[in-house]
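Take the sequence shown: its letters are residues 221 to 552, numbered as in this note's numbering. In this text, a Cβ means the ideal position worked out from N, Cα and C, and glycines have one as well. As the structure is a computational prediction, the values presented were derived from the model and not from experiment. Report on one structure; see the data block that follows.
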Amino acid sequence: MTMTDRSNLEKAAEFIRTHDDFLLLTHERPDGDAIGSIFGLLNFFRDNGKCAEAVLPDELPEKYLSFLPSNYRTDISSVEVAMHQCCIILDTPNQFRIGIGNAAKAEQIGIPVILLDHHPDNAKYGTINVVKPEVSSTAELLFMLSKELPQWRVSPEVATLWLLGMIMDTGGFRFDNTSPATLRNAADLIELKADHHRIMLELLFSKPLALLQFEAELFNSHLHREFGGRFAWIYIPEALIRKYRIEMRDTEGLIEILRSIRNADIVALVQGNGDGFKVSLRSKDSRYSVGWVAREINGGGHEMAAGGKIKNANFDAAMKTLSDLVGKVLHS
Ligand SMILES: [Mn+2]
């Protein structure tokens with residue numbers, strides 16, 4: 221940890237100590253880290269005498285609903301944004317991805333913004349930017365922030381939500397963003413009575429039967445392999461989604477199943493998305509940067525986990541673009 225990083229975390233803690241009213245935001249289509257982070261922070265603030273509210277415009281994945289301890293808003297107007305003292309934006313690398321609903325405009329947040337994120341390509345668009353790519357998850361970063369506020373209480377509910385975010389962003393401590401510090405912070409959270417067992421049981425060892433059957437058909441009939449199997453990809457057909465009545469937001473774990481295929485160095489999950497194709501990418505080897513591929517297709521992310529969008533192309537042209545880029549990475 222460098223001095224500047226440390227002082228930014230301290231600065232954020234000092235700012236929080238000296239303000240009373242917070243608007244909390246995260247990225248659109250929130251994942252486990254976004255959800256654990258925002259609800260953990262919301263309750264951490266309320267438990268310690270601060271006013272705070274969270275806005276989440278997109279419907280949340282079903283599996284997380286039983287973990288939510290408090291209400292949240294699904295929309296907010298620009299006037300209501302301006303009525304808050306300050307805004308905290310979590311896990312969101314750039315302002316185009318902020319989930320703020322339709323009434324307000326992300327570019328016009330006219331109050332001080334504290335950014336807390338672990339994406340290396342964060343555009344640092346806040347007033348105070350705490351961006352730490354070496355931390356597993358935004359949820360872990362929030363727990364580190366809470367240690368800068370030693371008088372404040374971390375309840376078992378808050379500890380559970382932050383552990384949930386860490387577990388979902390590390391794939392249950394299996395991904396290479398799991399550092400010794402990650403495991404120590406997780407241990408601290410369990411000491412604070414985070415319900416590790418319930419998170420594992422409900423989120424990692426459980427899925428609806430229809431989703432399991434959808435995955436079986438998807439992998440049996442829609443898996444493509446190129447470059448001698450070193451690149452494996454799946455395009456998810458709309459019809460299959462309808463057949464099994466799957467919600468797109470419940471398919472967060474698909475890419476990890478794809479990634480488990482032995483000898484596949486790079487994997488991609490492709491979905492039709494309005495005027496183009498949304499692509500999620502994973503690499504298993506640091507020599508092969510999917511971050512580079514993602515940046516070539518209007519996206520970004522980490523070097524081993526990234527995503528982008530191929531616009532204005534028909535399906536065959538889009539897949540040719542993707543395959544050519546992946547080929548360059550595999551053969552460089
Ligand atoms: Mn995250």
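C-alpha distance - Gly256 paired with Leu244, whole-angstrom precision: 12 Å
Contact test: Asp251 Cβ vs ligand 1 heavy atom, cutoff 8 Å: yes
Any non-hydrogen atom of ligand 1 within 8 Å of Ala407 CB: no
Residue environment, Thr294, which counts as buried when at least 16 other CB atoms sit within 10 Å: exposed
Close Cβ partners of Tyr508 (< 8 Å) along its chain, the five nearest in sequence each way excluded: Cβ within range, chain order: Asp485, Ile486, Val549, Leu550.
As assigned by DSSP and simplified to three states, the class of Pro372: Note that residue 372 is Trp in the sequence shown, not Pro. Secondary structure at Trp372: coil, using DSSP grouped into helix, strand and coil.
Where Asn342 falls, given that 16 or more other Cβ within 10 Å makes a residue buried: buried
Heavy atom of ligand 1 within 8 Å of Val341 beta-carbon: Going by the sequence as given, residue 341 is Asp instead of Val. No, since every heavy atom of ligand 1 falls outside the 8 Å radius drawn around the Cβ of Asp341.
Buried/exposed call for Leu438, threshold 16 Cβ in 10 Å: So Leu438 counts as buried.
Beta carbon of Val510 nearer than 9 Å to that of Arg502: yes
Asp241 - partner residues in DSSP beta bridges: Cys271
Runs of alpha helix (DSSP H) lying entirely within the stretch 281-352, each at least 4 residues, in chain order: 298-302
heavy atom of ligand 1 below 8 Å from Ser399 C-beta: Judged by the Cβ position, Ser399 fails to qualify as a neighbour of ligand 1 at the 8 Å threshold, every heavy atom of the ligand being at least this far.
Contact test: Asp278 Cβ vs ligand 1 heavy atom, cutoff 8 Å: Answer for Asp278: no, Cβ out of range of ligand 1.
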